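**Q** Dropping a structure here in C-alpha cells format, bear with me for questions.
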Amino acid sequence: MSLPRPRFHLAPAQNWMNDPNGLVFAGDRWHAFFQFNPQGNDWGNMSWGHASSPDLLHWDEHPVALRHRPGEQIYSGSVVAGDDGTLTAFYTSAYDHGVQAQSRATSVDGGFTWTMDAANPMLDRGSADFRDPKVVRVPGGGWLMLTVEAVERRVVFYASDDLRTWRETGSFGPLGPEGVVWECPDLVRLPLEGTTERVWVLLLSTNPVGDDADPAGSAMHYVVGDLVDDVFHSPAADLRPLDHGRDCYAGVTFDSAPGGSAVMLAWMGNWRYAHVVPTSPWRGAMSLPRTLGLRRADDALHLVQRPVLPPLDDVELDSPAIAPHAVLEVRWDTAATGTMRLRLEGEGDAVVDVIHDPAARTLSVSRSGREADALHPDFAGVRTAPLVDPAAGALTLVIDGPLMEVFADDGLTALSHLVTLGAGPVTVSATASTSVVPTVRVGEARVGSPAPTAQEGPAAPAAA
459 MSLPRPRFHL APAQNWMNDP NGLVFAGDRW HAFFQFNPQG NDWGNMSWGH ASSPDLLHWD
519 EHPVALRHRP GEQIYSGSVV AGDDGTLTAF YTSAYDHGVQ AQSRATSVDG GFTWTMDAAN
579 PMLDRGSADF RDPKVVRVPG GGWLMLTVEA VERRVVFYAS DDLRTWRETG SFGPLGPEGV
639 VWECPDLVRL PLEGTTERVW VLLLSTNPVG DDADPAGSAM HYVVGDLVDD VFHSPAADLR
699 PLDHGRDCYA GVTFDSAPGG SAVMLAWMGN WRYAHVVPTS PWRGAMSLPR TLGLRRADDA
759 LHLVQRPVLP PLDDVELDSP AIAPHAVLEV RWDTAATGTM RLRLEGEGDA VVDVIHDPAA
819 RTLSVSRSGR EADALHPDFA GVRTAPLVDP AAGALTLVID GPLMEVFADD GLTALSHLVT
879 LGAGPVTVSA TASTSVVPTV RVGEARVGSP APTAQEGPAA PAAA
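Taking the numbering used here, the leading residue of the sequence shown gets 459, the next gets one more, and so forth.
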C-alpha cells in the first residue's frame, strides 16, 4: 500500500520533508521553511524547502530556499521578519568534518532568494551537537537565540541587539529522561485563559539514542517557567508531554504572527520509522497549525492547543463511510454513555480505535491491521493520554489521508498519529458501554487536492 498524500496539511509534492524550520508571517502570507532533500524521498542532502499559504490550509510550494553545498548541509533553524521587510534566517551549518555551527542568511524579496553571510558561521563552539537556532523577540527590545547542545540535554541562550552580534547568557537543563538528545527548542509567551497574564513556556523535542533506545521514539514536550536576564528558568522537575501521540515532533512557532498569537507547526513523523513510511514520490508532512495557550486546572498550568481547521461541508452519517479527508466532531454525555469508542476502518483490515474512558480518566488511540504491523515493529500499538477533565464528552478528530490528529479535553489533550487506513472510504462507528450512542458530526474538508508541482513564486491567495 502507498499512503495517499494529504489535502490540507503541508506536504511536499515530492521528496523528503522533516522538521519545520523558519516559520514566519510576512507579506500577508504564512511562510514555512522546512528540512528537505531536493534529490530524493529519503533523508539526506539536507536543505531548506519553502512553501507559503494565505490561510495555513492551502499551501503553494516554492523552489528550494537554502540548498546544501559541498561539505555543508543546512540543518534546522528559524526566520525573523524585520521592520523593513528583510527576512533573516538562522540555521545550523552541519559540516562534513563533524562540527555543527550557527550561520545566517538574509532575504529582501519575501524569502524566495537568500544571501548567505560572508562571515558564516557566526557561532561556533567546536561542537558536534550544537544546533537548531530559534530566534525570538524579547519584550522591550532585542532578540534571544535558543540553541541546543543536544547530547548534553541543554538549551543554550544568546542575546543580541542587532541580529549580528551575540553574547551567551546561560543555559537550561539537563532535565527529564536520559538516553535522549534535545532538539528544536522554542520559547513562547502564552496567554493564560481568563486573565491578562502571559507566561513563558519552553518547547522541546526529544529523540531516543543508543543501542537500547526507547521504542516509543521521538516526542515533543513543554516546560512552564520564566525568563530572567535572558535565560529561561523553571522549578519543574520533569518535561511534560505536548502531544501524547506517536507522530508530533520538532514543533516551533511562527514569527510575527498576527495579534502576537503563538501558532505552532510540527512534523508528523517519528524517527523510529520515518524512513519506511510507504509514500512515493513524497515522504513527510506537517501537522495542522495549532494556536497555543495556557489554562489553569488541578492547581497547575496546562498547555492548550487549538487546531486551524479546514472549511467543512456537513455530511449526514446515514452511511457510515466517509472520505479519508474529513473532520469528525463527537459529542456525548459521559454520565450516560460511560466508555465511548470511535472506530475507523479502512482498506484491508486497517483499524484505528479511539477510546474515551472517564472512569480511568484516559483517552487512547490504537493502530492495528496487517499494514500497520508490516510498516515497522514499533508502529502498531496503543498510546494512552491522561484526561484533565474526563467529564468533558467532546473530541475533534481530523483525518487527512495518512495523518490523524485527535483533540480532546477542550484543547488540553492531543494525540497525533500516522495511520494506514488507505486512500478509499473510511467506515466510522461510535459505540458506548451503555445503550446511549454518541453523536458524530462529520465535515468533509472543502480543500482541493494539493498542487502536483512546485510554484515558481508567490501565488495569488487561494479561495477557501
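Cβ atoms here follow ideal geometry from the backbone N, Cα and C, with glycine treated the same way. The structure displayed is predicted, hence computed values, not measured ones.
1. How close, in whole Å, do the beta carbons of Trp501 and Asn476 come, if the pair is a contact with beta carbons under 8 Å?
2. For Ala559, count neighbouring Cβ atoms within 10 angstroms of its own Cβ and tell me buried if that reaches 16, exposed if not.
3. Based on DSSP bridge pairs, tell me the residues matched to Met798.
4. If you measure between the beta carbons of Pro769 and Leu746, is that distance less than 8 Å?
5. Taking Asp701 and Ala509 to be in contact with their CB atoms under 8 Å, please state how far apart those CB atoms are, rounded to whole angstroms.
6. Label Val734 either buried or exposed according to how many other C-beta atoms from any shown protein chain fall within 10 Å of its C-beta, with 16 as the threshold for buried.
7. Given a cut-off of 8 Å on the beta-carbon distance, is the pair Met678 and Ala724 in contact?
8. With distances taken from CA atoms, which of Ile857, Ala484, Ala552 and Val894 is nearest Ile780?
9. What is the DSSP secondary structure of His733, reduced to helix, strand or coil?
10. Does any residue of chain C bring its CB to less than 8 Å from the CB of Thr564?
11. When the Cα of Leu855 is compared with those of Leu845, Pro848, Ala866 and Asp847, which residue comes out closest?
12. Can you give the Cα-Cα distance for Pro844 and Leu870, rounded to whole angstroms?
13. May I have the straight-line CA-CA distance separating Asp644 from Gly668, to the nearest angstrom?
14. Throw me the rounded Cβ distance for the Val537 and Ala547 pair, which I believe falls under 8 Å.
15. Please report the distance separating the alpha-carbon of Ser534 from that of Val898.
16. In the DSSP output, which residue or residues are listed as bridge partners for Ala677?
17. Of all the options Asp554, Cys642 and Gly901, which has the alpha carbon lying nearest to the alpha carbon of Gly529?
18. Taking the straight line between their C-alpha atoms, what separation do you get for Leu648 and Asp684?
19. Assess, as a yes-or-no matter, whether the region 836 to 852 is touched by the region 690 to 698 under the definition of 3 or more beta carbon pairs within less than 8 Å.
20. Which one or two residues does DSSP pair with Thr546 in a beta bridge?
21. If you scan the region 578 to 606 from start to end, which runs of the beta strand (DSSP E) of 3 or more residues do you find wholly inside it?
22. So, with DSSP's three-state summary, where would you put Gly709?
23. Since Phe494 and Trp474 are thought to touch, with beta carbons under 8 Å apart, how far apart are those beta carbons, to the nearest angstrom?
24. Between Ala830 and Asp807, what straight-line distance do the alpha-carbon atoms span, to the nearest angstrom?
25. Cα separation between Val609 and Pro883?
26. Tell me whether the beta-carbon of Ala490 lies closer than 8 Å to the beta-carbon of Leu468.
27. Under the three-state reduction of DSSP, which class applies to Arg828: helix, strand or coil?
28. Assuming Ser714 and Ala484 make a contact with CB atoms under 8 Å, what is their CB distance in whole Å?
29. Go to Leu861, then tell me how far its beta strand (DSSP E) extends in each direction, as first and last residue.
30. Count the other CB atoms within 10 Å of the CB of Val721; is the residue buried (16 or more) or exposed (fewer)?
31. State the Cα-Cα distance for the pair Asp771 and Asp757, rounded to the nearest angstrom.
32. Quick check on DSSP: helix, strand or coil for Glu914?
33. Alpha carbon to alpha carbon, what distance is there between Leu604 and Val877?
34. Can you list, in chain order, the residues of its chain with a C-beta nearer than 6 Å to that of Phe492? Leave out the 5 residues immediately preceding and following it.
35. Candidates Gly540, Leu602 and Asp868: which alpha carbon is nearest Glu787's?
**A** For this structure:
1. Reading the sequence shown from its first residue, position 43 is the one you call residue 501. Reading the sequence shown from its first residue, position 18 is the one you call residue 476. 7 Å between Cβ atoms; contact.
2. Walking along the sequence shown from the start, residue 559 turns up at place 101. Ala559 comes out buried.
3. For the purposes of this step, residue 798 is taken as the residue at position 340 of the sequence shown. Paired residues: His814 and Ala890.
4. The residue you call residue 769 lines up with position 311 of the sequence shown. The residue you call residue 746 lines up with position 288 of the sequence shown. No, Cβ-Cβ distance for Pro769 and Leu746 is not below 8 Å.
5. The count along the sequence shown starts at 1 and reaches residue 701 at position 243. The count along the sequence shown starts at 1 and reaches residue 509 at position 51. In fact, because the Cβ distance is near 22 Å, the residues do not count as touching under 8 Å.
6. On the sequence shown, position 276 is the one that residue 734 refers to. It is exposed - the Cβ of Val734 has fewer than 16 other Cβ atoms within 10 Å.
7. Locating residue 678 in the sequence shown gives position 220, where the first residue counts as 1. Locating residue 724 in the sequence shown gives position 266, where the first residue counts as 1. Yes, Cβ-Cβ distance for Met678 and Ala724 is below 8 Å.
8. Stepping through the sequence shown from its first residue, residue 780 is reached at position 322. Closest option to Ile780, Cα to Cα, is Ile857.
9. Translated into positions along the sequence shown, residue 733 becomes position 275. Annotated three-state conformation of His733 is helix, per DSSP.
10. In summary, chain C is missing from the structure at hand, where a single protein chain is found.
11. Counted from its first residue, the sequence shown places residue 855 at position 397. Minimum Cα distance to Leu855 is reached at Ala866.
12. Taking the first residue of the sequence shown as position 1, residue 844 is located at position 386. Taking the first residue of the sequence shown as position 1, residue 870 is located at position 412. Take the alpha-carbon of Pro844 and the one of Leu870: they are about 10 Å apart.
13. Counted from its first residue, the sequence shown places residue 644 at position 186. Counted from its first residue, the sequence shown places residue 668 at position 210. Whole-angstrom Cα-Cα distance: 25 Å.
14. Residue 537 sits at position 79 when you count from the first residue of the sequence shown. Residue 547 sits at position 89 when you count from the first residue of the sequence shown. 5 Å between Cβ atoms; contact.
15. Translated into positions along the sequence shown, residue 534 becomes position 76. Translated into positions along the sequence shown, residue 898 becomes position 440. Using only the alpha carbons, I get a separation of about 40 Å.
16. Indexing the sequence shown from 1 puts residue 677 at position 219. DSSP, once it has assigned bridges, lists Thr664 as partnering Ala677.
17. Stepping through the sequence shown from its first residue, residue 529 is reached at position 71. Out of Asp554, Cys642 and Gly901, Asp554 has the C-alpha closest to the C-alpha of Gly529.
18. One-based indexing of the sequence shown puts residue 648 at position 190. One-based indexing of the sequence shown puts residue 684 at position 226. When rounded, the distance between both Cα atoms is 11 Å.
19. The region 690 to 698 is not in contact with the region 836 to 852.
20. Mapped onto the sequence shown, residue 546 falls at position 88. Partner(s): Val538 and Thr564.
21. 588 to 595
22. The sequence position of residue 709 within the sequence shown is 251, counting from 1. DSSP places Gly709 in strand when its eight states are reduced to three.
23. Counted from its first residue, the sequence shown places residue 494 at position 36. Counted from its first residue, the sequence shown places residue 474 at position 16. That pair is a contact at about 7 Å.
24. Along the sequence shown, one-based indexing puts residue 830 at 372. Along the sequence shown, one-based indexing puts residue 807 at 349. Near 10 Å, if we compare the C-alpha coordinates of Asp807 and Ala830.
25. Position 151 of the sequence shown holds residue 609. Position 425 of the sequence shown holds residue 883. Approximately 44 Å between the Cα atoms of the pair.
26. In the sequence shown, counting from the first residue as 1, residue 490 sits at position 32. In the sequence shown, counting from the first residue as 1, residue 468 sits at position 10. Inclusion of Ala490 and Leu468 in the CB contact set at 8 Å is warranted, their separation being smaller than that value.
27. Within the sequence shown, numbered from 1, the residue matching residue 828 stands at position 370. Helix, per DSSP.
28. Reading the sequence shown from its first residue, position 256 is the one you call residue 714. Reading the sequence shown from its first residue, position 26 is the one you call residue 484. About 7 Å separates the two Cβ atoms, so the contact holds.
29. Position 403 of the sequence shown, counting from 1, holds the residue named residue 861. From DSSP, the beta strand (DSSP E) with Leu861 extends over Leu861 to Ala866.
30. Position 263 of the sequence shown holds residue 721. Buried, since its Cβ has 16 or more Cβ neighbours within 10 Å.
31. As a working mapping, residue 771 is identified with position 313 in the sequence shown. As a working mapping, residue 757 is identified with position 299 in the sequence shown. Rounded to whole angstroms, Asp771 to Asp757 spans 40 Å at the Cα level.
32. Along the sequence shown, one-based indexing puts residue 914 at 456. Because the pLDDT of Glu914 is 34, which lies under 50, any placement of that residue in the model is unreliable, and the number read from its coordinates should be weighed accordingly. Three-state DSSP puts Glu914 in coil, outside helix and strand.
33. Along the sequence shown, one-based indexing puts residue 877 at 419. Along the sequence shown, one-based indexing puts residue 604 at 146. Going by the C-alpha atoms only, they are around 33 Å apart.
34. Mapped onto the sequence shown, residue 492 falls at position 34. Closer than 6 Å at the Cβ level, and outside the excluded window around Phe492, lie Met475, Pro478, Asn479 and Gly507.
35. Taking the first residue of the sequence shown as 1, we reach residue 787 at position 329. Taking only the C-alpha atoms, the option nearest Glu787 is Asp868.
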